[in-house]
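Under the numbering used here, residue 1143 is the last one in the sequence shown; the count climbs by one each step, no gaps. From the three backbone atoms N, C-alpha and C, an ideal C-beta is built for every residue, glycine too. These notes are about the structure you will find just below.
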Amino acid sequence: MADGKCTKRYPRPLVAETVTGNDGYPVYRRRSKEDNGRTIKVKVQNQEIEIGNEFIVPYCPLLSRIFETHANVESCHSAKSIKYLCKYVTKGSDMAVFGIASENVNDEISNFQLGRYVSTNEALWRLLSFQIHERYPTVVHLAVHLENGQRVYFTEANAAQRAERPPSTTLTSFFAMCESDPFAATLMYVEMPKYYTWNQSTKKFQRRKQGTPVPDWPQVFSTDALGRMYTVHPRNGECFYLRLLLVNVRGPKSFAHLKTVNGHQCQTYREACQLLGLLENDSHWDLTLADSVVSSNAYQIRTLFAIIITTCFPSQPIQLWNKYKDAICEDILHRLRIQTNNVCGINLENY
793 MADGKCTKRY PRPLVAETVT GNDGYPVYRR RSKEDNGRTI KVKVQNQEIE IGNEFIVPYC
853 PLLSRIFETH ANVESCHSAK SIKYLCKYVT KGSDMAVFGI ASENVNDEIS NFQLGRYVST
913 NEALWRLLSF QIHERYPTVV HLAVHLENGQ RVYFTEANAA QRAERPPSTT LTSFFAMCES
973 DPFAATLMYV EMPKYYTWNQ STKKFQRRKQ GTPVPDWPQV FSTDALGRMY TVHPRNGECF
1033 YLRLLLVNVR GPKSFAHLKT VNGHQCQTYR EACQLLGLLE NDSHWDLTLA DSVVSSNAYQ
1093 IRTLFAIIIT TCFPSQPIQL WNKYKDAICE DILHRLRIQT NNVCGINLEN Y
């Protein structure tokens, strides 16, 4: 209890259906007594109290039976949970920090060493070569580049040949598939790995031969594979707007096709985005920051936000700040806690 209220937010609201809250946590269905919800009566300090669904902690019957105790189980499916899991399995072992104090009080240099601490349970786990983590599903990286702007590796012997015929990329192969394959022409760029495999040796997409059959499309199979386009910095101008078009246009057959809107050939990708209504508001900057929150640390997000504010001139910068200030200041909160031992949200914002 704190200030007369439960710190775990009980009693919870009574709702008829399960919905997703603004913080990513689900608001589970808790039926009221009027909605055929169950109640029980218990005695607390010689007083009989009626307990309803609003006081029940979410649990998993299977886990409770296995461990013979209560286990609080809730589903968290926000983007922050993905970022946390990726960080957790790659952060390494626990660290122990210690310092060597100098008798010379005028010496302002402190020598620190970072040591690794391996507990007995972790040592046993690694000695027995148990699996540390799993990765599922398969994620295919998709190239994003301007026309004839792909990365090319060459030697003195084949420089001329590579310049005349640069190697294909996932993007140019996607254009070719949309030209020759009717099913590919119905897909977004990021949807390609779900139905096609990328052959690294031939630099081409090929239809999957196994998986779940796609209705009305014979010889087409789908899997759980995901496609992820490389992040493009807003400073890269046309390449950034090219990526924005690839996110919103289905089945483009070429770079020129991406610039064509309602039969009009645009001079730039930015003009095409403008005609498609993708730049009427700050939605593209919102999507850029949302993508960065998933894959970048707080310092990188802060740098990206500063660049957007100073060079891109969004129409509603305060709204972007209020929406992403927690992610932008994530590391600052940790730093201030170390310095002051007690930091509230107001101090963090003032900082």
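- Between the C-alpha atoms of residue 1055 and residue 1063 there is a straight-line separation of about 14 angstroms.
- The C-beta separation of residue 985 from residue 1017 comes to about 4 angstroms, placing the pair in contact by the 8 angstroms criterion.
- Within the same chain, 1036 and 1070 come within 7 angstroms of residue 1076 by CB-CB distance, once the 5 residues on both sides are set aside.
- Distance between residue 910 and residue 921, taken at the CA atoms: about 15 angstroms.
- With respect to the 8 angstroms criterion, residue 997 and residue 980 are not classified as neighbours on the basis of their beta carbons.
- Of all C-beta pairs linking the stretch 1024–1038 to the stretch 997–1015, fewer than three are shorter than 8 angstroms, placing the two stretches out of contact.
- In the three-state reduction of the DSSP assignment, residue 828 falls in the coil class.
- A residue is called buried once 16 or more other Cβ atoms fall within 10 Å of its Cβ, and residue 917, having fewer, is exposed.
- Residue 1074 holds the alpha-carbon nearest to the alpha-carbon of residue 1111 among 1074, 1122, 1102 and 1090.
- Residue 993 has its alpha-carbon roughly 29 angstroms from the corresponding atom of residue 1087.
- Nearest in C-alpha terms to residue 977, of all of 865, 1045, 1098 and 988, is 1045.
- Within the same chain, and ignoring the five residues on either side of residue 1083 in sequence, the residues whose Cβ sits closer than 8 angstroms to its Cβ are 1023.
- In this structure, the straight-line span from the alpha carbon of residue 853 to that of residue 832 is close to 19 angstroms.
- Cβ-Cβ distances below 8 angstroms link residue 855 to 863 and 865 in the same chain, with the five nearest sequence neighbours on each side left out; the list follows chain order.
- By the CB criterion at 8 angstroms, residue 809 and residue 821 fall inside the cutoff.
- The alpha carbon of residue 958 has as its nearest neighbour, out of 949, 945 and 967, the alpha carbon of 945.
- With distances taken between CA atoms, residue 1025 lies nearest to 1080 out of 967, 847 and 1080.
- When DSSP states are grouped into helix, strand and coil, residue 937 belongs to the coil group.
- Annotation for residue 991: the continuous beta strand (DSSP E) segment containing it runs 988–991.
- Under the three-state reduction of DSSP, residue 851 is assigned to strand.
- Taking 8 angstroms as the upper bound for CB-CB distance, residue 1020 and residue 933 are in contact here, some 6 angstroms apart.
- Here residue 1020 is bridged, per DSSP, to 933.
- Note on geometry: alpha-carbon atoms of residue 861 and residue 851 lie some 10 angstroms from one another.
- Per the C-alpha coordinates, the member of 975, 1050, 991 and 1048 positioned closest to residue 1013 is 975.
- Pairing residue 823 with residue 838 gives a Cβ-Cβ distance that is not under 8 angstroms.
- Using a Cβ distance threshold of 8 angstroms, residue 1038 and residue 1053 do not count as a contacting pair.
- For residue 1096, the CB contacts under 6 angstroms within the same chain, skipping 5 residues up- and downstream, are 1084 in chain order.
- DSSP lists 812 as the beta-bridge partner residues of residue 818.
- Less than 8 angstroms separates the beta-carbon of residue 819 from that of residue 805.
- Here residue 1049 carries a helix assignment [DSSP, helix/strand/coil].
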